[in-house]
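**Q** With numbering that gives the first Met the number 0, letter number 137 in the sequence shown gets 136, and the count goes up by one each step, no holes.
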Amino acid sequence: MSNFITTKWDVIIIGGGAAGFFAAIRCAELNPNLRVLILEKASQTLGKVLISGGGRCNVTHACFEPAKLITHYPRGGNELRGAFSRFQPKDTVEWFESRAIKLKAESDGRMFPVTDDSNTIVNCLHDSAKKAGVRVELGASVLSVEKGLKSGFKLEVRKARVEPGRNEAQVIPLQAKKLLFATGGDRKSLEIIQSFGHTISSPVPSLFTFNIKDKRINGLAGVSVEDAALKMDSISARGPLLITHWGMSGPAVLRLSAWGARILFDKKYASPLTVNWLGDYRLDTTLEILQRNKDWHENARKKIATNSAFSQIPIRLWKQLTEFIGDKNWGDVSKAELRKLAEELTAGEFKIQGKGQFKEEFVTCGGVNLKEVDFKTMQSRVVDGLFFAGEVLNIDGLTGGFNFQSAWTTGWLAGNALSADVLNG
Ligand SMILES: Cc1cc2nc3c(=O)[nH]c(=O)nc-3n(C[C@H](O)[C@H](O)[C@H](O)COP(=O)(O)OP(=O)(O)OC[C@H]3O[C@@H](n4cnc5c(N)ncnc54)[C@H](O)[C@@H]3O)c2cc1C
Numbered sequence: 000m001s002n003f004i005t006t007k008w009d010v011i012i013i014g015g016g017a018a019g020f021f022a023a024i025r026c027a028e029l030n031p032n033l034r035v036l037i038l039e040k041a042s043q044t045l046g047k048v049l050i051s052g053g054g055r056c057n058v059t060h061a062c063f064e065p066a067k068l069i070t071h072y073p074r075g076g077n078e079l080r081g082a083f084s085r086f087q088p089k090d091t092v093e094w095f096e097s098r099a100i101k102l103k104a105e106s107d108g109r110m111f112p113v114t115d116d117s118n119t120i121v122n123c124l125h126d127s128a129k130k131a132g133v134r135v136e137l138g139a140s141v142l143s144v145e146k147g148l149k150s151g152f153k154l155e156v157r158k159a160r161v162e163p164g165r166n167e168a169q170v171i172p173l174q175a176k177k178l179l180f181a182t183g184g185d186r187k188s189l190e191i192i193q194s195f196g197h198t199i200s201s202p203v204p205s206l207f208t209f210n211i212k213d214k215r216i217n218g219l220a221g222v223s224v225e226d227a228a229l230k231m232d233s234i235s236a237r238g239p240l241l242i243t244h245w246g247m248s249g250p251a252v253l254r255l256s257a258w259g260a261r262i263l264f265d266k267k268y269a270s271p272l273t274v275n276w277l278g279d280y281r282l283d284t285t286l287e288i289l290q291r292n293k294d295w296h297e298n299a300r301k302k303i304a305t306n307s308a309f310s311q312i313p314i315r316l317w318k319q320l321t322e323f324i325g326d327k328n329w330g331d332v333s334k335a336e337l338r339k340l341a342e343e344l345t346a347g348e349f350k351i352q353g354k355g356q357f358k359e360e361f362v363t364c365g366g367v368n369l370k371e372v373d374f375k376t377m378q379s380r381v382v383d384g385l386f387f388a389g390e391v392l393n394i395d396g397l398t399g400g401f402n403f404q405s406a407w408t409t410g411w412l413a414g415n416a417l418s419a420d421v422l423n424g
């Protein structure tokens with residue numbers, strides 16, 4: 000029943016995602032003599048690439064300085080510094096360009112295929128793997144891995160065989176001289192890796208929106224400010240903020256969710272949140288501006304609710320933030336009310352009451368401890384011949400193409416090392 004050509008392979012890659020494919024292609028292109036196999040438990044490979052970036056695939060980010068690039072990684076930045084000096088977004092662009100796939104950068108730096116279609120990337124990776132002679136097995140779930148007595152690895156693989164009228168599976172033993180885990184956030188795979196003596200930080204979600212029920216933002220879904228500053232515990236983030244039906248989203252919120260992923264998980268996604276709707280405005284400056292507005296004679300008889308002091312705050316939001324003052328004219332607002340408004344604008348207190356999903360991109364933080372991996376080769380420092388690439392590592396990036404970039408980079412580095420003459424011939 001087995002449709003594996005052989006049970007003995009030079010290189011087995013567990014996981015047919017971005018990192019697994021990139022590693023397999025690099026390895027097989029550098030050393031065409033190697034027998035390279037990708038095992039993918041799902042019925043299709045590159046599933047996340049296909050749905051990524053809202054179906055457009057945000058392949059990478061137009062940030063070409065490794066030192067700057069690493070600031071976009073809440074976890075893994077330090078370790079990626081050297082890795083990005085070997086393979087960075089410029090190399091990703093060239094890699095795809097050398098295969099006739101052009102990428103374009105949008106004004107915020109995100110890079111997509113010019114076709115705006117993730118199929119372009121998926122097809123390119125499939126074609127490149129096929130051309131390089133990489134074998135891909137679908138419905139092949141790795142159940143267990145053992146280190147051989149001298150070298151190499153023994154795997155137990157559950158291979159599903161779905162045919163009309165038949166739905167069977169068989170457990171097949173395979174052997175590999177070198178093994179790469181490119182299994183993303185898969186928990187079972189992390190358990191196997193742990194059984195080899197690796198330390199794993201438990202996977203928790205990163206990049207999510209905040210559920211906040213608060214009358215100050217009630218009914219304002221779709222309203223946004225260009226530059227808000229958020230604070231939660233010791234973590235802060237800045238950028239555009241979007242009010243949604245459920246609470247808050249937008250780049251500032253996503254950044255905070257990534258940097259604070261573990262803290263928020265520990266707090267069960269219930270935490271105070273401070274919002275400065277004016278970005279970096281301080282309380283005293285804001286109070287001065289409010290006072291000037293009050294003192295300006297033309298304002299004296301104008302309603303505060305409909306005459307904002309700050310053009311950067313949309314009027315509907317201003318109306319709700321000033322609601323506590325009531326139906327007063329600027330001239331009638333008390334000193335205490337002005338101060339409270341300045342506090343509201345620069346340090347509004349909200350409560351995160353849960354997390355929502357950011358549909359464009361989703362990652363987990365957590366995974367293999369980075370100290371236990373050599374970032375020149377992506378080889379384990381614990382077990383010879385064992386490699387890691389992609390999200391299985393305790394690396395995650397902000398939204399914007401940074402997550403795929405770390406998958407391409409670590410996959411490429413692993414591919415280099417996997418292609419070198421295999422242990423014991
Ligand atoms: C909706 C969505 C949109 C996204 N959009 C973007 C974007 O536009 N830009 C960006 O940079 N990032 C994006 N990301 C994040 C990005 O997709 C991931 O960071 C990236 O796919 C990680 O690649 P990977 O190869 O490490 O892991 P994965 O893509 O998760 O691949 C791992 C593979 O291993 C397989 N596997 C796991 N365990 C086993 C096993 N035991 N046996 C066999 N197979 C196994 C899994 O089935 C899976 O196919 C998005 C994520 C999501 C969910």
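For glycine and all other residues, C-beta sits at the position ideal for the given N, C-alpha and C.
#1: Would you mind giving the Cβ-Cβ distance between Ser42 and Leu137, rounded to the nearest angstrom? I have them listed as a contact below 8 Å.
#2: Taking 7 Å as the limit between beta carbons, can you name the residues of its chain near Asn275, skipping five residues before and five after?
#3: Looking at the unbroken alpha helix (DSSP H) that takes in Lys7, where does it start and where does it end?
#4: In the DSSP assignment, find the unbroken alpha helix (DSSP H) run with Cys123 in it and report its ends.
#5: Going by beta-carbon coordinates alone, are Ala27 and Ala131 separated by less than 8 Å?
#6: Is the closest heavy atom of ligand 2 to the C-beta of Glu28 under 7 Å?
#7: Closer than 7 Å: is that where the CB of Asp115 sits relative to any heavy atom of ligand 1?
#8: Residues bridged to Ile242 by DSSP?
#9: Grab the span of the alpha helix (DSSP H) containing Val274 for me, first residue to last.
#10: Do you know whose CA, among Glu155, Asn393, Cys364, lies nearest Ile13's CA?
#11: For Ser117, I'd like the list of residues in its chain whose CB is within less than 8 Å of its CB, leaving aside the five on either flank, ordered along the chain.
#12: Tell me whether the segment 277-293 and the segment 241-254 touch, counting them as touching only if at least three CB pairs, one residue from each stretch, are closer than 8 Å.
#13: Here's the rule: buried if 16 or more other CB atoms are within 10 angstroms of the residue's CB, otherwise exposed. What is Ser1?
#14: Excluding five sequence neighbours on each side, which residues of the same chain lie with their C-beta closer than 7 Å to the C-beta of Lys89?
#15: Out of Glu348, Phe195, Arg300, state which residue places its alpha-carbon closest to the alpha-carbon of Trp329.
#16: At what residue ranges does the segment 347-384 contain a whole run of the alpha helix (DSSP H), taking only runs of 4 or more?
#17: Tell me which residues share the same chain as Ser307 and place their Cβ nearer than 6 Å to its Cβ, disregarding the 5 neighbours each side in the sequence.
#18: Measuring CA to CA, which of Lys158, Asn368, Leu277 is closest to Asn77?
#19: Consult DSSP for His296 and reduce its assignment to one of helix, strand or coil.
#20: Measure the Cβ-Cβ separation of Leu206 and Phe357 and say whether it is below 8 Å.
#21: For Ala388 versus Ala419, is the C-beta distance shorter than 8 Å?
#22: Could you give the DSSP three-state label for Thr321: helix, strand or coil?
#23: What does DSSP give as the partner residue(s) for His474 in the beta ladder?
#24: Residue range of the beta strand (DSSP E) that Ile199 falls in?
#25: Just to confirm before moving on: does the CB-CB distance between Ser84 and Pro112 stay below 8 Å?
#26: If we call anything under 8 Å between Cβ atoms a contact, is Gly366 one with Asn393?
#27: When DSSP labels each residue in this structure, what does Phe309 get in the three-state scheme?
#28: Looking at Leu272 and Thr398, is the spacing between their C-beta atoms short of 8 Å?
**A** Looking at the atomic coordinates:
#1: The residue labelled residue 42 in the question sits at position 43 within the sequence shown. The residue labelled residue 137 in the question sits at position 138 within the sequence shown. Confirmed, Cβ separation roughly 6 Å.
#2: The residue labelled residue 275 in the question sits at position 276 within the sequence shown. Ala227, Ala228, Thr345, Ala346, listed in sequence order.
#3: The residue given as residue 7 occupies position 8 in the sequence shown. Here Lys7 belongs to no alpha helix (DSSP H); instead the beta strand (DSSP E) covers 7-13.
#4: Residue numbering aside, residue 123 sits at position 124 when the sequence shown is read from its first letter. From DSSP, the alpha helix (DSSP H) with Cys123 extends over 117-130.
#5: Position 28 of the sequence shown, counting from 1, holds the residue named residue 27. Position 132 of the sequence shown, counting from 1, holds the residue named residue 131. Cβ atoms of Ala27 and Ala131: closer than 8 Å.
#6: What this structure holds is ligand 1, not ligand 2.
#7: Here residue 115 refers to the residue found at position 116 when the sequence shown is read from its first residue. Answer for Asp115: no, Cβ out of range of ligand 1.
#8: Stepping through the sequence shown from its first residue, residue 242 is reached at position 243. BP columns for Ile242 point to Met247.
#9: To locate residue 274, count along the sequence shown from 1; it is residue 275. The continuous stretches of alpha helix (DSSP H) do not include Val274, which lies in the beta strand (DSSP E) extending over residues 270-275.
#10: Along the sequence shown, read from residue 1 onward, the residue named residue 13 stands at position 14. Here the closest residue by C-alpha is Glu155.
#11: Translated into positions along the sequence shown, residue 117 becomes position 118. Within the same chain, Ser117 has close Cβ partners Val48, Leu49, Ile50, Ser51, Gly52, Gly54, Arg55, Cys56.
#12: no
#13: Translated into the one-based positions of the sequence shown, residue 1 becomes position 2. Confidence at Ser1 is low in this model, with a pLDDT of 48, below 50, so the placement of that residue should be treated as unreliable; the coordinate-derived value is given next. It counts as exposed.
#14: One-based indexing of the sequence shown puts residue 89 at position 90. Result list for Lys89: Phe63, in chain order.
#15: Working through the sequence shown from its first residue, we reach residue 329 at position 330. Cα-wise, what sits closest to Trp329 is Arg300.
#16: Positions of the alpha helix (DSSP H) runs, each at least 4 residues long and wholly inside the segment 347-384, cannot be given because no such run exists.
#17: The count along the sequence shown starts at 1 and reaches residue 307 at position 308. Excluding positions up to five away in sequence, the list reads Ile314, Trp317.
#18: Counting from 1 along the sequence shown, the entry for residue 77 is found at position 78. Out of Lys158, Asn368, Leu277, Asn368 has the C-alpha closest to the C-alpha of Asn77.
#19: Taking the sequence shown and counting its residues from 1, the one referred to as residue 296 is at position 297. Helix at His296.
#20: For the purposes of this step, residue 206 is identified with residue 207 of the sequence shown, where counting begins at 1. For the purposes of this step, residue 357 is identified with residue 358 of the sequence shown, where counting begins at 1. Their beta carbons are under 8 Å apart, which means Leu206 touches Phe357 by this criterion.
#21: Walking along the sequence shown from the start, residue 388 turns up at place 389. Walking along the sequence shown from the start, residue 419 turns up at place 420. Taking the C-beta atoms as reference points, Ala419 is found no nearer than 8 Å to Ala388.
#22: Position 322 of the sequence shown, counted from the first residue, corresponds to residue 321. Correct three-state label for Thr321: coil.
#23: For residue 474 there is no data in the structure shown, the boundaries of the chain being 0 and 424.
#24: Sequence index remark: in the sequence shown, residue 199 carries index 200 (1-based). It spans 199-205 - the beta strand (DSSP E) in which Ile199 sits, taken as one unbroken run.
#25: As a first step, residue 84 is located in the sequence shown; it is residue number 85 there, counting from the start. As a first step, residue 112 is located in the sequence shown; it is residue number 113 there, counting from the start. No, Cβ-Cβ distance for Ser84 and Pro112 is not below 8 Å.
#26: Position 367 of the sequence shown, counting from 1, holds the residue named residue 366. Position 394 of the sequence shown, counting from 1, holds the residue named residue 393. Closer than 8 Å, so yes.
#27: The count along the sequence shown starts at 1 and reaches residue 309 at position 310. Of the three classes helix, strand and coil, the one that applies to Phe309 here is coil, per DSSP.
#28: By 1-based counting over the sequence shown, the position of residue 398 is 399. By 1-based counting over the sequence shown, the position of residue 272 is 273. No; because the gap between Cβ atoms is not below 8 Å, this pair is not in contact.
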